[in-house]
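Inspection log for the structure reproduced underneath, given as structure tokens.
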Amino acid sequence: MKTVFVVGAGPAGLFAAQKIAQAGHQTIIFNRDIKPGGLAEYGIYPTKDKMKFGLRKQFAKVLSLPNVHYFGNAPVSRQSAITVDDLRRWRPSAIVFSVGAQGTKKLGLPGEMAKGVYPAKDFVYNYNLLPIYTSQDFSVGKRVAVIGMGNVMVDIVHWLLVDDPKKTTEEVIVVARRGPFEAKFDAKEFNYVENHFDRKAFEKELERIQPQLSAVGQDTSKLAEETFPVLKKPAAEGEIQGGRFSFRFLCQPKEIHADANGRINRLTVTENVLAERDGSIACKATEKTAEIEVTP
Ligand SMILES: Cc1cc2nc3c(=O)[nH]c(=O)nc-3n(C[C@H](O)[C@H](O)[C@H](O)COP(=O)(O)OP(=O)(O)OC[C@H]3O[C@@H](n4cnc5c(N)ncnc54)[C@H](O)[C@@H]3O)c2cc1C
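If you read the sequence shown in the numbering used here, its first letter stands for residue 419, the second for the next number, and so on.
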């Protein structure tokens, strides 16, 4: 029987531990967070209980194996009580590093360090109550820009407009490099926020970018079949209740501007055009820029 260390108890570390333990080895897990699960615990949207409970059950099964030993709140790093050299000194047969993608991607933009600018992962960790992130400032204003249009964007819109107990945000602008046909969220996820989708603003935005879409042969009448199935449903009558969100397509952040308190209040974006590349639609930056106001 051998002893194997596993560093990190997200889905990757836990399922690796399961295989190693099932092969008959002693498996010792060191995890930075108290709770196991990694992003399956701290990334999945707080109200998606069914998914979280299902995963927790699977993780509990792994941790209940008699030869799996779990240490939470046990980060391994140069700055921690346990270092990689310590692990080596304890002479395991192998060490598995399954620490996930912990870094945050910087956009490399002027003004990126302004207050009120957050990496999505950290923002998500905060509303999912991962300990050190709960004591940091993730405050938002009335008008918020979210960069990107995948499922994490939908989660953040969901939080800002539906579940944030502070209810500070009244409007979200989703800033997307490409067009509506390149949206990456799942229709099922979009259902959570569809009551806040500003369809009038969306139609106006489609009109604005129509020439760009036509240039690459995209037909907006097909959007309902492809990336925006919400358009198959009749538009709700009257005003949107609560906050609303809209899309600003074909642009990417170029510079972040801050007010006198150092807090973001405007975003300069570069306008993009669409271009077909190797059978898929890519975007190309132009010389043109535009301004998007946000509220500090
Ligand atoms: C915001 C967000 C939402 C997501 N939502 C979904 C979803 O709804 N459905 C879905 O299928 N996927 C979702 N994903 C993707 C999914 O969460 C990841 O693909 C998956 O969690 C990756 O697993 P992992 O084990 O590699 O890393 P992680 O889940 O990141 O786990 C890493 C683990 O390593 C630990 N660790 C880190 N550093 C150290 C250290 N130095 N020492 C010890 N331990 C350390 C951490 O505490 C953590 O427990 C989401 C991702 C994000 C970012």
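We treat Cβ as the ideally placed atom computed from N, Cα and C, and that holds for glycine.
Is the beta carbon of residue i sitting closer than 7 Å to the one on residue j?
| i | j | result |
| --- | --- | --- |
| Ile674 | Ala532 | yes |
| Gly456 | Gly490 | no |
| Ser553 | Ala430 | no |
| Gly661 | Thr713 | no |
| Leu685 | Val634 | no |
| Ala434 | Leu483 | no |
| Ser511 | Lys420 | yes |
| Asn485 | Gln444 | yes |
| Val542 | Val572 | no |
| Phe663 | Glu623 | no |
| Asn569 | Glu607 | yes |
| Ala700 | Val687 | no |
| Thr704 | Glu694 | no |
| Val592 | Val514 | no |
Grab the span of the alpha helix (DSSP H) containing residue i for me, first residue to last.
| i | result |
| --- | --- |
| Ile550 | Pro549 to Thr552 |
| Pro629 | Arg617 to Ala633 |
| Asn544 | Ala538 to Tyr545 |
| Val425 | Unbroken run through Val425 is the beta strand (DSSP E), Thr421 to Val425; no alpha helix (DSSP H). |
| Ile674 | Note, Ile674: premise wrong, no alpha helix (DSSP H); beta strand (DSSP E) at Cys669 to Ala676. |
| Phe433 | Pro429 to Gln440 |
Taking 6 Å as the cut-off, does the CB of residue i come closer than this to any heavy atom belonging to ligand 1?
| i | result |
| --- | --- |
| Ala676 | no |
| Phe471 | no |
| Asn449 | yes |
| Gly526 | no |
| Gly518 | yes |
| Leu723 | Since the first and last residues shown for the chain are 419 and 714, residue 723 lies out of range. |
| Leu457 | yes |
| Val564 | no |
| Ser698 | no |
| Pro537 | no |
| Gly568 | no |
| Ile654 | A small correction: the amino acid at residue 654 is Ala; Ile does not occupy that position in the sequence shown. Not so, every heavy atom of ligand 1 lies at least 6 Å from the Cβ. |
| Val502 | no |
What are the boundary residues of the beta strand (DSSP E) that residue i is part of?
| i | result |
| --- | --- |
| Glu705 | Ser698 to Glu711 |
| Tyr488 | Val486 to Phe489 |
| Glu644 | Taken as a continuous stretch (DSSP letters only), Glu644 belongs to no beta strand (DSSP E), as it is neither H nor E. |
| Arg507 | Here Arg507 belongs to no beta strand (DSSP E); instead the alpha helix (DSSP H) covers Val502 to Arg507. |
Can you tell me the Cα-Cα spacing of residue i and residue j, whole angstroms?
| i | j | result |
| --- | --- | --- |
| Pro549 | Tyr460 | 10 Å |
| Ala563 | Ile574 | 11 Å |
| Arg617 | Gln476 | 40 Å |
| Ala594 | Val480 | 40 Å |
| Ala441 | Lys585 | 50 Å |
| Gly526 | Asn544 | 23 Å |
| Met469 | Thr645 | 24 Å |
Can you tell me whether residue i sits near ligand 3, meaning its C-beta is under 6 Å from at least one heavy atom of the ligand?
| i | result |
| --- | --- |
| Gly521 | This structure simply doesn't include ligand 3; it includes ligand 1 instead. |
* Asked: Is it a yes or a no for the stretch 674 to 683 touching the stretch 582 to 600, going by three-plus beta-carbon pairs under 8 Å?
  -> no
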